[in-house]
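A quick write-up on the structure given underneath.
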Amino acid sequence: MRHVAEPERNTEILSEAEVVVLGGGPAGIAAAWAAARQGRSTLLVERYGFLGGMGTAAGVTNFCGLHANVHGDMRRVVRGVADELLDRIDALGGLNPPHSIFGRTQAQAYDMSAYKCAADELVLGAGARLLFHALAAGVVMRDERSIDALLVETRSGRRAIRARLFVDASGDADLANWAGARWEKGDAGGRLLYPTLMFRLNNVDPARAAASLADLPRLMQEAEAGGRHRFARKGVILRPQQHPQEWRANVTQVKNEDGSAVDGTDALQFSAGEIEGRRQIRDYMRFLRERVPGFEASYLLDIAAQLGIRETRRIAGAYALTAEDVLGCASFADSIGVNAWPLERHVAGDVEWHWPPAEARGYNQLPYRMLLPRGVRNLLVAGRCASMTSPAQSAARVSGGCFVMGQAAGTAAHLALAAGVDPAAVGVAELQAQLERDGAWLG
Ligand SMILES: Cc1cc2nc3c(=O)[nH]c(=O)nc-3n(C[C@H](O)[C@H](O)[C@H](O)COP(=O)(O)OP(=O)(O)OC[C@H]3O[C@@H](n4cnc5c(N)ncnc54)[C@H](O)[C@@H]3O)c2cc1C
Numbered sequence: 003m004r005h006v007a008e009p010e011r012n013t014e015i016l017s018e019a020e021v022v023v024l025g026g027g028p029a030g031i032a033a034a035w036a037a038a039r040q041g042r043s044t045l046l047v048e049r050y051g052f053l054g055g056m057g058t059a060a061g062v063t064n065f066c067g068l069h070a071n072v073h074g075d076m077r078r079v080v081r082g083v084a085d086e087l088l089d090r091i092d093a094l095g096g097l098n099p100p101h102s103i104f105g106r107t108q109a110q111a112y113d114m115s116a117y118k119c120a121a122d123e124l125v126l127g128a129g130a131r132l133l134f135h136a137l138a139a140g141v142v143m144r145d146e147r148s149i150d151a152l153l154v155e156t157r158s159g160r161r162a163i164r165a166r167l168f169v170d171a172s173g174d175a176d177l178a179n180w181a182g183a184r185w186e187k188g189d190a191g192g193r194l195l196y197p198t199l200m201f202r203l204n205n206v207d208p209a210r211a212a213a214s215l216a217d218l219p220r221l222m223q224e225a226e227a228g229g230r231h232r233f234a235r236k237g238v239i240l241r242p243q244q245h246p247q248e249w250r251a252n253v254t255q256v257k258n259e260d261g262s263a264v265d266g267t268d269a270l271q272f273s274a275g276e277i278e279g280r281r282q283i284r285d286y287m288r289f290l291r292e293r294v295p296g297f298e299a300s301y302l303l304d305i306a307a308q309l310g311i312r313e314t315r316r317i318a319g320a321y322a323l324t325a326e327d328v329l330g331c332a333s334f335a336d337s338i339g340v341n342a343w344p345l346e347r348h349v350a351g352d353v354e355w356h357w358p359p360a361e362a363r364g365y366n367q368l369p370y371r372m373l374l375p376r377g378v379r380n381l382l383v384a385g386r387c388a389s390m391t392s393p394a395q396s397a398a399r400v401s402g403g404c405f406v407m408g409q410a411a412g413t414a415a416h417l418a419l420a421a422g423v424d425p426a427a428v429g430v431a432e433l434q435a436q437l438e439r440d441g442a443w444l445g
């Protein structure tokens with residue numbers, strides 16, 4: 003590897019807070035909301051100019067993991083911050099009613115712009131501050147095991163942000179990585195879940211399009227046999243948004259030339275992946291318009307701002323959630339809430355689903371220890387980069403689990419500061435009591 007030496011420099015301190023949250027996805031939104039509502043001075047740092055993470059920047063526009071089929075009773079099991087956020091999105095007219103997923107659970111689509119506005123209001127309303135357009139680029143350590151400041155690149159130049167406690171909700175464990183926490187990537191064979199570049203289309207004929215969905219696999223097969231199309235994956239998801247003519251498409255699968263999944267922490271792969279994603283979208287749009295009843299007059303409304311990354315680094319924390327925990331609907335004494343989504347593995351060319359048995363209660367608890375990295379004292383890690391095995395991450399990475407982890411991380415940060423202890427020493431009973439007072443359901 004070749005290098006250039008950078009000159010040493012002093013970096014201006016832009017801001018100080020008790021709690022700094024890196025990343026404004028569902029985990030970061032929830033963490034900032036939770037810490038701020040306990041009265042902690044809280045700053046959320048985000049590289050884009052809006053909140054929502056993959057839910058907005060990657061065009062996901064659909065909440066999974068909020069509902070569970072609890073012995074035949076289909077209900078919302080992720081509460082607390084999720085209640086307030088969904089109410090705010092609904093008040094802006096941006097929330098669809100829940101829809102069925104294979105008759106086994108539910109998900110709920112939303113309007114991306116309403117989510118952005120609702121998330122601003124939610125986080126600011128709790129008393130946190132927001133710093134947009136700030137790309138975190140490193141840390142300064144106070145000692146080997148404690149972070150002193152987060153370094154960010156902004157339009158004003160490089161700046162430092164000091165805090166007593168940090169929450170890494172970057173999705174990629176950026177902060178944990180710079181601070182020296184242990185992490186893993188991929189499954190036992192090093193394979194990551196494949197990313198997807200999402201898009202939305204408009205002017206769909208809703209009734210005819212809905213009637214075509216069951217026939218889509220056959221139509222795709224025929225189109226491939228005809229030689230005009232080559233699709234990257236089966237198991238495509240096409241669904242209406244709030245306006246029935248507007249649909250979202252989760253159909254691409256973005257790989258490197260050697261067939262492996264694009265790694266969102268590799269600069270060159272990530273860049274090339276955007277171009278490959280757009281190539282696949284153009285091809286899929288042509289297919290829809292030419293061959294699928296209901297989509298003949300549809301047009302491409304927008305392509306997400308970035309390739310949707312499902313999995314990169316996961317910290318190796320005090321406890322790693324496993325696939326057995328998800329499929330066995332595990333309970334934990336240090337529960338912070340629940341995951342109610344099955345394993346959803348975006349593997350080469352397909353999507354594999356693995357569900358808990360039909361007679362099970364439909365959710366597993368999430369333990370507080372998932373948020374505790376090894377080797378760094380003043381850090382909590384929440385969201386898709388928390389401590390889970392790769393198969394378990396394919397479940398708890400969805401929005402529901404990320405809201406749960408984020409709310410717990412922000413609440414634990416407050417309790418750690420109040421008691422003058424590291425997050426690892428926070429009293430679990432006290433944490434659970436506060437989460438319940440703030441509306442969370444611990445399962
Ligand atoms: C294509 C796709 C489809 C999906 N479909 C669904 C679905 O239908 N329903 C569902 O619930 N979930 C879905 N998911 C999963 C879900 O959206 C994500 O797993 C979830 O958003 C993760 O939340 P998070 O807060 O952990 O991280 P993210 O949502 O990834 O948010 C991380 C945030 O941190 C910011 N950030 C990262 N690094 C830095 C840095 N260095 N400096 C500054 N800011 C930084 C990012 O800009 C981002 O805003 C999907 C994911 C993908 C990719």
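Heads up, the sequence shown stops at 445 in this note's numbering, and the numbers go up one at a time, no gaps.
Cβ coordinates follow ideal geometry from the N, Cα and C atoms, glycine included.
Opposing strand residues paired with residue i [DSSP bridges]
i, result
"G319", "P375"
"T13", "Bridge partners of T13: none, in fact."
"Q308", "DSSP lists no partner for Q308."
"V458", "Since the first residue shown for the chain is 3 and the last is 445, residue 458 is missing from the structure and cannot be characterised."
"W180", "Bridge partners of W180: none, in fact."
"L97", "Y112"
"T107", "I103"
"Y301", "N204"
"E186", "R316"
"W355", "E346"
"F240", "Going by the sequence as given, residue 240 is Leu instead of Phe. Paired residues: A251."
"E18", "R164"
Under 8 Å between C-beta atoms of residue i and residue j
i, j, result
"D327", "Q244", "no"
"C66", "A120", "no"
"G57", "P28", "yes"
"L167", "L419", "yes"
"N380", "S148", "yes"
"E313", "Q395", "yes"
"V79", "G445", "yes"
"G364", "A70", "yes"
"M372", "L329", "no"
"A138", "V125", "no"
"D352", "K236", "yes"
"L16", "I163", "yes"
"G129", "A38", "yes"
"G41", "L199", "no"
"W249", "G339", "no"
"G25", "S214", "no"
"V141", "L133", "no"
"Q409", "V83", "yes"
"A19", "L53", "no"
"G377", "A183", "yes"
"P295", "R230", "no"
"R315", "W185", "yes"
"D424", "A36", "no"
Coarse secondary structure for residue i, derived from DSSP in three states
i, result
"K118", "helix"
"R81", "coil"
"N205", "coil"
"F405", "helix"
"D285", "helix"
"F272", "helix"
"G422", "coil"
"G57", "helix"
"G26", "coil"
"S392", "helix"
"S102", "strand"
"M143", "strand"
"S158", "coil"
"M3", "coil"
"G339", "strand"
"R291", "helix"
"S148", "strand"
Anticipated Cβ contact below 8 Å, residue i with residue j, distance rounded
i, j, result
"G402", "A332", "Not confirmed; about 16 Å, so no contact."
"V383", "P393", "Contact flag wrong, Cβ pair sits at about 19 Å."
"H135", "R157", "6 Å"
"R386", "L303", "Not quite, the Cβ-Cβ distance comes to about 26 Å (not below 8 Å), so this is no contact."
"V264", "V169", "With 8 Å as the limit, V264 and V169 do not qualify as a contact, their Cβ atoms being about 27 Å apart."
"A59", "A307", "5 Å"
"A320", "A414", "The Cβ separation is near 12 Å, so there is no contact."
"S389", "L368", "Contact doesn't hold; Cβ gap of about 10 Å is too wide."
"A111", "R241", "7 Å"
Residue i CB to nearest heavy atom of ligand 3 below 7 Å
i, result
"G26", "Absence of ligand 3 from the depicted structure is noted, with ligand 1 being the only ligands included."
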